[in-house]
Amino acid sequence: MAKLPKPEELSKIDLTPPKTDWMDTPVVFKEGMFCHGSKPKSLEIVDFPNPREWRPADADWKLPENWKEILLEGIADRLKKYRSFRLFMDICVRCGACADKCHFFIGTGDPKNMPVLRAELIRSVYRKEFTTAGRIFGKMAGARELTVDVLKEWWYYFYQCTECRRCSVFCPYGIDQAEITMIGRELLNLLGLNIEWIAGPVSNCYMKGNHLGLEPHTIIGNLEYMLDDIETVTGKRIKPTFNRKGAEILFVTPSGDLFADPGTYTAMGYLMLFEELGLDYTWSTYASEGGNFGFFTSNEMAKRLNSKIYAEAKRLGVKWILGGECGHMWRVLSQYMDTWNGPADFLEVPKSPITGTVFENAKSMKMVHVAEFTADLIKNNKLKLDPKRNDHLKVTWHDSCNVARGMGMLEEPRYVLKNVVNNFYEMPEDTIREKTFCCGSGTGLNASEDMDLRMKGGYPRANAVKFVAEHHGVNMLANVCAIDRATLKALMEYWVPSVGVCGLHELVANAMIMTGEKERTTDLRGEPLPSVQAKEEKA
Amino acid sequence: MKALVSLIAVLLLALIAYAGASVPGMRLLFGVVIPYAAFIIFVVGMVVRILKWASSPVPFRIPTTTGQQKSLPWIKHSIIESPSNGLGVIARMALEVLFFRSLFRNLKTQVGDGKQVTYGEAKWLWAAGLAFHWSFLFILVRHMRFFIEQVPAAIIMIEGLDSFLQIGAPLFYMTDAVILASVTYLFIRRIGIPQVKYISLIADYFPLFLILGIAVSGVWMRYFTKTDIVSVKILAMGLISFNPSVPETIGVMFFVHLFLLSVLFVYFPLSKLVHMAGVFMSPTRNLANNSRMKRHVNPWNYPVHVHTYEQYENDFREKMKGAGLPVEKE
Amino acid sequence: MNIYNKGPVFLGIVIFLALALFPFYNNFGKTNKKPDPKTDTPEIIEYEKLNGKKECVEPKAFMRGEHMVLLNDWRDGVVRDAYRGYISKANGKRFNMSIQNGCMKCHSSKKKFCDECHNYLAVKPFCWDCHIQPKEKEEAKS
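Each protein sequence line maps, in turn, to chains A, B and C. Under this note's numbering, think of the first position of the first sequence as 2, with each following residue one higher. Under this note's numbering, think of the first position of the second sequence as -15, with each following residue one higher. Under this note's numbering, think of the first position of the third sequence as -17, with each following residue one higher.
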């Protein structure tokens, strides 16, 4: 991090491409722009092929002898399995509409970060090996040989894409770079070429149930700290249950929220909300991860990790599942889980025990987003709220990519937010909702060794936050994503130091008046409430 | 450079047709054999391409949602941008195919002075793309008068619309100007915008020049050196009734036109132009956002190795008991 | 080859084929009549008798392609410049620039001459938007 250039330098971006043709411009691995390679142990735990010690910056990646064969077979196999892949290889017209939509391109100016060119990296090989025109006309038809340099280029740039899908919003054919990156990463994983920041959490999650590798007693221990803090703030001692059979609801949230602030405040928010509602729910230490770094590895790995949620719901005999705030978690849940591990016919159609609302939109997969759940509570006047407690905050809303473009949940969190804060300002409209910008660190790129990449990739988001910070005095960036909470904090510290980061349910819990609570003097972060501040100032 | 190669390629093709059709014996080749072959390749090629795509399943329901999902009844659901059923999908696809909805969203991102990233309007690509495709369609439909003996009123109406300015004789078609202007714009932006130039392949310039060549040769025959269109229709009708003959009075420019079109037919299924069919099959657009309501089935879904609860408990039983967690086996 | 989503895929293919092959099946089994503009009106036969040949203001090949341009020029000359004399480029003869009193004098049947090709190609000339359409003569003689 010490080597990270100053924001003034980093924001000098030139989007003009170089003179040499991209095929003739070899990839250069720049310090700070890539993550450490996967460690053999992380791959061995989940039986992934070709585990070994290797370093991305080294010339020799110790590839298996038949690496090319493995990749080409891998491509052929995926062309047969995914219509998206086959179609997206064929129909791009290179109109360039996606080019300046990618946060990594805007932030780096590197032309291979234009979604179209990132796709061409693999498309060029597809043409060479799988199309008649490419075989005959070669480079004239945009085809090229698969070489070690090409492979390295793939690795470098498929780990400079956060699968945020912003490009696919603008593409006239809906070509989704996320889909291509996912397949690109699967191919790389056939050769053991993951990054450790993904491979580590994957093996943790596989063995211990969550990315952080928190063992059962640690989870409880971490929650105890939060319960202490809640007691300090509200005077109420909450006693959540774990792995409890017969509970009505299983609650699953990303483990990041159990580990570090500001995620922990969001977790405290859940605890307080469910306590206040008297919800019959349980946490699980086995399915203690909502997120899914397997999704950044391969389809199969994602399914293996995801299987725990339904399995645990079945074992505990709950009626339905409630899911916490997380971005890619909800992409996986809403578009993949039921297909992979369903049908969840042992569960019931989710019904809020408080309001009686039946969540018809989740009637097959049986899992409800906590923002949907809370929006319904507020709409039905089931919560006593005092938004004034959040008056020290001027809040803006960051739509998380996956929730916005892979699920379409745009209004529920806004509704909740508007009911729990008085000062809410939207960022410029081309940077929110379906056009929202990624935090720059999604899909497992939130390591510390690639801080240059993260700050560059997060630049468009940060820049929009800066706009509302300057125009409206916004000082809090709220969101429903655990990775956002972890990464936007660093991003804000770098680009807009006056703005903090929080989850939605932290704000809910701050505003929520609990029965029998003591008069609160601080928010969940231990900072004095505006009313207290005003009194102090008077005195 | 790539543009130049493409231009030369198209000029060469035009020259081949020009020279070839000037040789009397070759008129049958350029007027009958090549068009037949090209058309067969086009039709068969497109069908094969579609079947190839269709032979890969859509394992997951992955629409790109560009609007509010259907959730709680009091939250306004975006029926078209995040369709929850087939009707919504049809509406979304219709907007996409007929009006290029996604391209309409286009923005121009500018990093400016390093202080403010701005997003400006950028509708030219959309406008030119739409103008190009629609004028192409109009022109194609208009040409049906050469293939139907009793030209139906609908086609006469379209032609009337296209020429309603009533300029000159023969009447000037607006779509002729529109297609030339839009293709020219699409070419200019390809070499004029540095990023677009950078991503462009020969395969991007070639079809532009090819279509430009077809349009120019067509325009040439209508407004400059007229060809005998009665003979052209006799040739066309002969082709479609499998009784072809090439009348002597057809001018050479017509064979340039027809040959370039034949090349386009052949090129179509082998190139990016298959987006014509592909756009209908794009899973990020043609699926309803209803994967939570209705289970999507993956035909190749297979069982995977999982770390079961039992294994987990075996790993951590003592720790779990120590933390007061219930266990299945004591 | 296993095809997925058979319904919509085959529907799409059928629509594509229906559109692409339309001219073929639409014309199937029909006998196609070629247009045959007649230049055997009594006036033309009379002219041929007198002059030993059939001839128009310009040669046949030119007239076939360019008659609409010529007529358009004539109209502009007459209406805008009150100029009525046309000197043939082919034979130097002077012609009266008039459709009703020129062209239609020889080509006295619009139906058998103009309409033959115009209908064949769905061309709708706007001559008769202003001019009074000549009455077809009785077809008694044929």
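Yeah, the Cβ is synthetic: ideal placement off N, Cα and C, and Gly gets one too.
Three-state class that DSSP yields for residue i in the structure shown
i        : result
A/Glu66  : coil
A/Ala100 : helix
A/Lys457 : helix
A/Gly504 : strand
A/Asn480 : strand
B/Thr49  : coil
A/Thr523 : strand
C/Phe10  : coil
A/Leu348 : coil
A/Ala3   : A caution first: A/Ala3 carries a pLDDT of 49, below 50, which makes its placement in the model too unreliable to give a value.
B/Phe328 : Given a span of -15 to 314 for chain B in the structure shown, any question on residue 328 of chain B remains unanswerable.
A/Gly38  : strand
A/Val369 : strand
A/Ile14  : coil
B/Phe130 : helix
A/Thr283 : strand
A/Phe89  : helix
A/Val203 : helix
Residue i: first and last residue of the uninterrupted beta strand (DSSP E) it sits in
i        : result
B/Thr102 : Thr102 to Glu105
B/Lys92  : Leu91 to Gln94
C/Ile69  : Gly67 to Ile69
Alpha helix (DSSP H) segment containing residue i, residue limits
i        : result
B/Gln295 : Tyr293 to Gly306
C/Arg46  : Lys42 to Asp63
A/Trp155 : Val149 to Phe159
A/Gly185 : Gln178 to Leu191
A/His218 : Pro217 to Thr235
A/Leu418 : Glu412 to Val421
Closer than 8 Å to chain A by CB, residue i
i        : result
B/Gly70  : no
B/Ile163 : no
B/Thr49  : yes
B/Gly197 : no
B/Met265 : yes
Residue i at chain B interface by Cβ criterion, 8 Å
i        : result
C/Ile81  : no
A/Gly279 : no
A/Asn382 : no
A/Pro65  : no
C/Ala0   : no
C/Met50  : yes
A/Asn464 : yes
A/Gln161 : no
A/Gln336 : yes
A/Cys327 : no
A/Cys440 : no
A/Ala3   : Low per-residue confidence applies at A/Ala3: pLDDT is 49, beneath 50, and the placement is therefore not dependable, though the value from the model is reported in the following sentence. No, A/Ala3 lies away from the interface with chain B (no Cβ there is under 8 Å from its Cβ).
Spatial neighbours of residue i in its chain, beta-carbon cut-off 7 Å, leaving aside the 5 residues before and after
i        : result
C/Ser70  : Val39, Glu40 and Phe77
A/Tyr426 : Lys395, Thr397, Val469, His473 and Val475
A/Lys364 : Val350
B/Ser184 : Lys(-14) and Arg174
A/Lys570 : The requested residue 570 of chain A does not occur in the structure, where chain A is confined to residues 2 to 540.
Cβ of residue i within 8 Å of any chain C Cβ
i        : result
B/Ser225 : yes
B/Ser39  : yes
B/Arg33  : no
B/Asp212 : yes
B/Pro310 : no
B/Arg129 : yes
Own chain partners of residue i with C-beta closer than 6 Å, once the 5 adjacent residues on each side are dropped
i        : result
A/Ala58  : Phe30
A/Gly459 : Cys440, Gly441 and Leu492
A/Gly110 : Ile14, Asp15 and Leu16
Own chain, CB closer than 8 Å to residue i, minus 5 neighbours either side, in chain order
i        : result
C/Ser124 : At C/Ser124, the pLDDT of 43 sits below 50, so the modelled position is not reliable; the number obtained from the coordinates is stated separately. Around C/Ser124: no qualifying Cβ.
A/Met366 : Leu334, Ser335, Met338, Asp339, Gly343 and Ala345
Segments assigned alpha helix (DSSP H), at least 4 residues, entirely inside the region 202 to 282 of chain B: 213 to 224, 236 to 251 and 259 to 262
Every unbroken alpha helix (DSSP H) inside the region 76 to 110 of chain C [4 residues or more]: 96 to 102
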